[in-house]
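Student:
2 protein chains.
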Amino acid sequence: MTAGGSDLTVVTAGVTMLADALRDQGVATVDVAWTPPVAGTEDDLTAVMLDPRRVPANARAHAAMTAAAAALVDVRPADEALGLRAGHFLHAGPPITWDRMSGPLRGALIGAVVYEGLADSTDHAEARLGAGDFTFEPAHHHGAVGPMAGVVSGSMWMFELYDETSGNRSWCSLNEGLGKVLRYGAYSPEVIERLRWMRDVLGPALQTTTRASGPIDIVAIIAQMLQMGDEGHNRNRAGTLMLLKEWLPGLVGSGLPTGDICDVAAFVSGNDHFFLNLVMPACKLMTSAASGVPGSTVVTTMARNGTDFGIQVSGLGDEWFTGPAQVADGLYLGNFGPDDANPDIGDSAITETAGVGGFAMATAPAIVRFVGGSVADAIATTRRMYDICVGEHQRWALPIMDFRGTPTGIDVTSVLRTAQLPQINTGMAGRVAGVGQVGAGLVSPPMECFEKAIAALAQAVTR
Amino acid sequence: MTAGGSDLTVVTAGVTMLADALRDQGVATVDVAWTPPVAGTEDDLTAVMLDPRRVPANARAHAAMTAAAAALVDVRPADEALGLRAGHFLHAGPPITWDRMSGPLRGALIGAVVYEGLADSTDHAEARLGAGDFTFEPAHHHGAVGPMAGVVSGSMWMFELYDETSGNRSWCSLNEGLGKVLRYGAYSPEVIERLRWMRDVLGPALQTTTRASGPIDIVAIIAQMLQMGDEGHNRNRAGTLMLLKEWLPGLVGSGLPTGDICDVAAFVSGNDHFFLNLVMPACKLMTSAASGVPGSTVVTTMARNGTDFGIQVSGLGDEWFTGPAQVADGLYLGNFGPDDANPDIGDSAITETAGVGGFAMATAPAIVRFVGGSVADAIATTRRMYDICVGEHQRWALPIMDFRGTPTGIDVTSVLRTAQLPQINTGMAGRVAGVGQVGAGLVSPPMECFEKAIAALAQAVTR
């Protein structure tokens, strides 16, 4: 603003009514985009934003997240890798009891109980589960992640990833393919039969192959797939092909029966989502590396159990902040519709927590197109995510954004200040146990998770 | 333009001087982009554009080009597939005699003569070639295409592709990899050794694999690769991975020694350009289907022999229209520079003739980035190519262009009216025989090819 009246320039913030009125009167006006923070969080937000630890702590969390390595080093059964004993099951999302579990999570547990031979029918399995005969724990509590229901039992095989920077390890189950599969809550005989083949043939073959191949750099493959139309959550086609290429010499030279090699190659290459189960534990290693920085407001976990959506925040360690899981907006398979869909489920939102998936939507416009969006919508989504992240991933460049790095490290304070929620790409499970997948689409966490987190962050400042 | 003077709107065409002057005087002005046609072609252009056959003929050529199928159906030696006898060699581009041949074409022929056992040293081979002991013909004259020097001799193995729509077949040699390779004019012992392994192991293995796999739809793989950052000429990474996936079951179950299977898998998957040699014959089938439509001004071949750049036009059949091949603008390997580069060489511009490669640059911004360009430059290149093409390929969608089809079917009249030359992505061979690859970059045909073609098209109208 200058001293001379005729040179007056007004700077306006937020809603454009004042700016429009000034412009109508011929007054030069500069708009500043601004939205009021989420109502009720103003005081906590102020306390946290004034915390002098916040900026350096977030920089440290972001640096740790993007410096993390992730190499596939082994494939092992869960009882051996994670010490899961009989009757002990892992599941996706924050902790939950049987009585509050949604259909797909119950369905996956019923299937897992039958598969492990702990019941002789699905009814028997359901009765034993309801009677409290078994133990359930979030996979995240063991450094593991699982897509959709994310149910893991002792004899299921897990990918084991290693971060040489932090020394951390992470695990994820092997992807079963699409349609009627355990992770979507299906438990029919074909589901159990496939799990047995995965236990008896696929798991051991991939162990031999992986040990023969030596460590495979998953961070590098993710960097490549982001240049090849994959966002690493709902699209993993190039990633799966690159993994197959890495495994090929070890698989062919494994000495296994030719029929098994053919079956394994066909199973992996026939499932464009196979690589999702490697993106997820790689992202888990990234977010684990960023966890536990005092004063940091960076989100280190987003996960859903089909009932609750839970987040964890770097400065607050392993505490969960939950709210009701939402139903995704998306495309339905066959005759399924919105009434058939269960609320959001799975640990796969760890991909968005690390800056890919919905955050890298700009690189995979085919996905928004499925739900009626355009390339411009895909780019706009990624642009919005830069507004709520503390930085970018230098090794993960998005060609369509002029090779800018992926938006990485969701800041709780930015989410609340802009009222802009993280964008998550996801699959949709049927609401009823046993149904399986009904669609795929886009979803966001409930704001409640961030409201609870900022309250706890404020308490931690003033304590 | 309205009757009232104050509402006057002026429409200006071409250079903006008049429009600028009018605007300075407060006169509303609408600019129409217009450039004068290439000088000296005006009369021929007028005659051809007034030819009533032109528009329907071009529509027919475009429809034939985009309706063509291309399935990989076999892998066979050239003597068997093309009837090449000893001492008979194919080469890239239009016809040329030994005395006018550039270094890389001479180098590749020297290597091929030694490889076929027709000389006992490279000096001896060069002497026999200079003495006129052998026969040379363009690969295009046999329905075949070859990248760079494109030299083919009888014992080299060829991909055989089939278009069930036209009943045509096309052929291309197997890709040797990068660096010191025959197609770039290298002929050292390692080059000959690799060709022998390709003859004795790779070719037979791929024949067994391809016959076991059954026909592979190359048009469909190209559609996918265009969504995965490949433009099908200088980038073929996703295409190579998808081909490998298709071959995998047939290769693993081939009954070949495990060592050979591993070597073949490693050779194919270790060369991101392997699939180029399948994109090329697929594009050859497309352009062959569009050839020979009376009155059509659609380009059906662009090819270079390292000395001359030649084009063929649908309405003029197999006649070549040539001009001097240009040196590409690009990036050099190691210590090589512009002085080391040979002018443009190879049949690979068949990819641009069919609407991919440089025409699909928007989908592969990584390529322009190598030569200092940006994403905007890549998009601008593809946009310009729409201006010189008669249509789009409905099955080949470019995500970044909001899934618009690739620009397909170069129109000689549009090139001359807009003075806008086709954009070709290419590799660069060393100028001296024996050197091999020195770089990769961007190049255009000489305008002379189009000037000669319009003269012949005009003659055909008035005849």
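Line by line, the protein sequences give chains A and B.
Taking the working numbering, the leading residue of the first sequence gets 17, the next gets one more, and so forth.
Taking the working numbering, the leading residue of the second sequence gets 17, the next gets one more, and so forth.
Note that beta-carbon positions come from the ideal geometry of N, C-alpha and C, so glycine has one too.
(1) At 8 Å on the CB atoms, spell out the chain B contacts of A/R385, in chain order.
(2) Identify the residues that DSSP records as bridge partners of A/I237: which are they?
(3) DSSP has A/F105 in a bridge; who is on the other side?
(4) Given A/A63, which residues of its chain have a CB within under 7 Å of its CB, disregarding the five upstream and five downstream residues?
(5) Can you give the beta carbon distance from B/G362 to B/A202, rounded, assuming they're within the 8 Å contact cut?
(6) Considering just the uninterrupted stretch of the beta strand (DSSP E) at A/S189, what are its terminal residues?
(7) Quick one: residues in its chain with C-beta nearer than 6 Å to the C-beta of A/R39, no 5 flanking neighbours on either side, listed in chain order?
(8) Shorter than 9 Å from the beta carbon of B/I238 to some beta carbon of chain E?
(9) Taking the alpha carbon of A/L121 as the point to measure from, which residue in A/M463, A/G455, A/M444, A/V384 has its own alpha carbon closest?
(10) Using a Cβ-Cβ distance under 9 Å, would A/Q223 count as near chain B?
(11) Once DSSP output is grouped into helix, strand and coil, what is the label at A/G407?
(12) By the DSSP assignment, the alpha helix (DSSP H) with A/V384 in it spans what residues?
(13) What residue does the alpha helix (DSSP H) around B/T317 start on, and which one ends it?
(14) When we look at the beta-carbon of B/N351 and count the other beta-carbons within 10 Å, is it buried (16 or more) or exposed?
(15) With which residues is A/G421 paired in a DSSP beta bridge?
(16) Is it buried or exposed, A/E247, if we count other Cβ atoms within 10 angstroms and call 16 or more buried?
(17) Using DSSP's beta-bridge definition, name the partner residues of A/I327.
(18) Against chain A, does B/G20 count as a neighbour if the rule is that its beta carbon must be under 9 Å from one of theirs?
(19) Nearest-angstrom Cα distance between B/T25 and B/A35?
(20) Using the Cβ count rule (16 or more neighbours within 10 Å means buried), how would you classify A/H249?
(21) Would a check of beta-carbon distances place B/A382 closer than 9 Å to chain A?
(22) Give the DSSP bridge partners of B/G446, in chain order.
(23) Look at A/Q243 and A/T379 and say whether their C-beta atoms are less than 9 Å apart.
(24) Going by DSSP in three states, B/T478 sits in which element: helix, strand or coil?
(25) Could you say if the region 464 to 471 of chain B and the region 424 to 432 of chain B meet the contact criterion of at least three C-beta pairs nearer than 8 Å?
(26) Under the three-state reduction of DSSP, which class applies to A/A147: helix, strand or coil?
(27) Compute the Euclidean distance between the alpha carbons of A/M172 and B/D403, then round it to the nearest angstrom.
(28) Compute the beta-carbon to beta-carbon distance between B/V167 and B/L125, rounded to the nearest angstrom, for a pair I have assumed lies under 8 Å.
(29) Need the endpoints of the alpha helix (DSSP H) that B/M65 sits in, please.
(30) Which residue or residues does DSSP assign as beta-bridge partners of A/D206?
(31) From the DSSP output, which residues share a beta bridge with B/D345?
(32) Quick one: what's got a C-beta closer than 6 Å to B/S186's C-beta in the same chain, skipping five residues either side?
(33) With respect to the beta strand (DSSP E) encompassing B/Y178, which residues constitute its N-terminal and C-terminal limits?
(34) Mind listing the chain A neighbours of B/Q328? Cutoff is C-beta to C-beta under 9 Å, in chain order.
(35) Based on the DSSP output, what are the partners of A/P93 in its beta bridges?
(36) Alpha carbon to alpha carbon, how far is B/N184 from A/R212? Give it in angstroms, no decimals.
Tutor: Taking the definition as stated:
(1) As a working mapping, residue 385 of chain A is identified with position 369 in the first sequence. At a beta-carbon threshold of 8 Å, the residues of chain B lying near A/R385 are F419, ordered along the chain.
(2) Numbered from its first residue, the first sequence carries residue 237 of chain A at position 221. According to DSSP, which records beta bridges pairwise, A/I237 is partnered with nothing at all.
(3) As a position in the first sequence, residue 105 of chain A is number 89, starting the count at 1. Paired residues: A/F152.
(4) Counted from its first residue, the first sequence places residue 63 of chain A at position 47. Annotation for A/A63: A474, V477, T478 place their beta carbon closer than 7 Å to its own, counting only its chain and skipping 5 residues before and after.
(5) Within the second sequence, numbered from 1, the residue matching residue 362 of chain B stands at position 346. Within the second sequence, numbered from 1, the residue matching residue 202 of chain B stands at position 186. Between B/G362 and B/A202, the beta carbon gap of about 15 Å keeps them out of contact (Cβ cut-off 8 Å).
(6) For the purposes of this step, residue 189 of chain A is taken as the residue at position 173 of the first sequence. 185 to 189 is the span of the beta strand (DSSP E), which, as asked, contains A/S189.
(7) Here residue 39 of chain A corresponds to residue number 23 of the first sequence, with the count starting at 1. If the five residues before and after A/R39 are omitted, its C-beta is found closer than 6 Å to the C-beta atoms of T45, all from its own chain and listed in chain order.
(8) Among the chains of the structure shown, chain E does not appear; the protein chains present are A and B.
(9) Indexing the first sequence from 1 puts residue 121 of chain A at position 105. If we check each option's Cα against that of A/L121, A/M444 comes out closest.
(10) One-based indexing of the first sequence puts residue 223 of chain A at position 207. Closer than 9 Å: no.
(11) For the purposes of this step, residue 407 of chain A is taken as the residue at position 391 of the first sequence. Three-state result, A/G407: strand.
(12) What you label residue 384 of chain A is simply residue 368 of the first sequence in a count that begins at 1. 381 to 386 is the extent of the alpha helix (DSSP H) around A/V384.
(13) Here the question's residue 317 of chain B lines up with position 301 in the second sequence. Unbroken run through B/T317 is the beta strand (DSSP E), 315 to 321; no alpha helix (DSSP H).
(14) Residue 351 of chain B sits at position 335 when you count from the first residue of the second sequence. B/N351 comes out exposed.
(15) Stepping through the first sequence from its first residue, residue 421 of chain A is reached at position 405. Note: A/G421 sits in a beta bridge opposite A/A413.
(16) Within the first sequence, numbered from 1, the residue matching residue 247 of chain A stands at position 231. A/E247 sits buried, since 16 or more C-beta atoms from the chains shown fall within 10 Å of its C-beta.
(17) The count along the first sequence starts at 1 and reaches residue 327 of chain A at position 311. Beta bridge pairing from DSSP links A/I327 with A/M318, A/F337.
(18) Locating residue 20 of chain B in the second sequence gives position 4, counting from the first residue. Only weak support is given to the placement of B/G20: the predicted model assigns it a pLDDT of 46, under 50, and the value that follows is read from those uncertain coordinates. No, no contact with chain A.
(19) Sequence index remark: in the second sequence, residue 25 of chain B carries index 9 (1-based). Sequence index remark: in the second sequence, residue 35 of chain B carries index 19 (1-based). Each residue's CA atom was taken as its position, placing B/T25 and B/A35 some 11 Å apart.
(20) Counting from one through the first sequence, the residue named residue 249 of chain A turns up at place 233. Classified as buried, A/H249 has 16 or more neighbouring CB atoms from the shown chains inside 10 Å of its CB.
(21) On the second sequence, residue 382 of chain B is found 366 positions in, with the first residue counted as 1. Yes, its Cβ sits closer than 9 Å to a Cβ of chain A.
(22) Counting from one through the second sequence, the residue named residue 446 of chain B turns up at place 430. Looking at the DSSP output, B/G446 sits in a beta bridge with B/A357.
(23) For this step, residue 243 of chain A is matched to residue 227 along the first sequence. For this step, residue 379 of chain A is matched to residue 363 along the first sequence. Cβ distance < 9 Å, so A/Q243 and A/T379 count as in contact.
(24) Stepping through the second sequence from its first residue, residue 478 of chain B is reached at position 462. Looking at B/T478 - three-state DSSP - the assignment turns out to be helix.
(25) The region 464 to 471 of chain B makes contact with the region 424 to 432 of chain B; the number of CB pairs closer than 8 Å reaches 3 or more.
(26) Translated into the one-based positions of the first sequence, residue 147 of chain A becomes position 131. Per DSSP, reduced to three states, the secondary structure at A/A147 is coil, with no helix or strand assignment.
(27) Position 156 of the first sequence, counting from 1, holds the residue named residue 172 of chain A. Position 387 of the second sequence, counting from 1, holds the residue named residue 403 of chain B. Roughly 57 Å between the two C-alpha positions.
(28) Reading the second sequence from its first residue, position 151 is the one you call residue 167 of chain B. Reading the second sequence from its first residue, position 109 is the one you call residue 125 of chain B. B/V167 to B/L125, Cβ: 6 Å. Contact.
(29) One-based indexing of the second sequence puts residue 65 of chain B at position 49. Under the DSSP assignment, B/M65 falls in the alpha helix (DSSP H) whose first and last residues are 58 to 65.
(30) Walking along the first sequence from the start, residue 206 of chain A turns up at place 190. In the sequence as presented, Asp is not what sits at residue 206 of chain A; that position holds Glu. Its beta-bridge partners do not exist; DSSP assigns none.
(31) Taking the second sequence and counting its residues from 1, the one referred to as residue 345 of chain B is at position 329. Paired residues: B/L458.
(32) As a working note, residue 186 of chain B is residue 170 in the second sequence. Counting only Cβ-Cβ distances below 6 Å, and skipping sequence neighbours, we find G159, L177, P297, K300, L301.
(33) Numbered from 1 along the second sequence, position 162 holds the residue referred to as residue 178 of chain B. Where B/Y178 is concerned, the enclosing beta strand (DSSP E) stretches over 173 to 178.
(34) In the second sequence, counting from the first residue as 1, residue 328 of chain B sits at position 312. For B/Q328, no chain A residue has a Cβ inside 9 Å of its Cβ, as the nearest lies near 34 Å away.
(35) As a working note, residue 93 of chain A is residue 77 in the first sequence. In the DSSP assignment, the residues bridged to A/P93 are A/W173.
(36) Along the first sequence, one-based indexing puts residue 212 of chain A at 196. Along the second sequence, one-based indexing puts residue 184 of chain B at 168. If I take the Cα positions, the gap works out to 48 Å.
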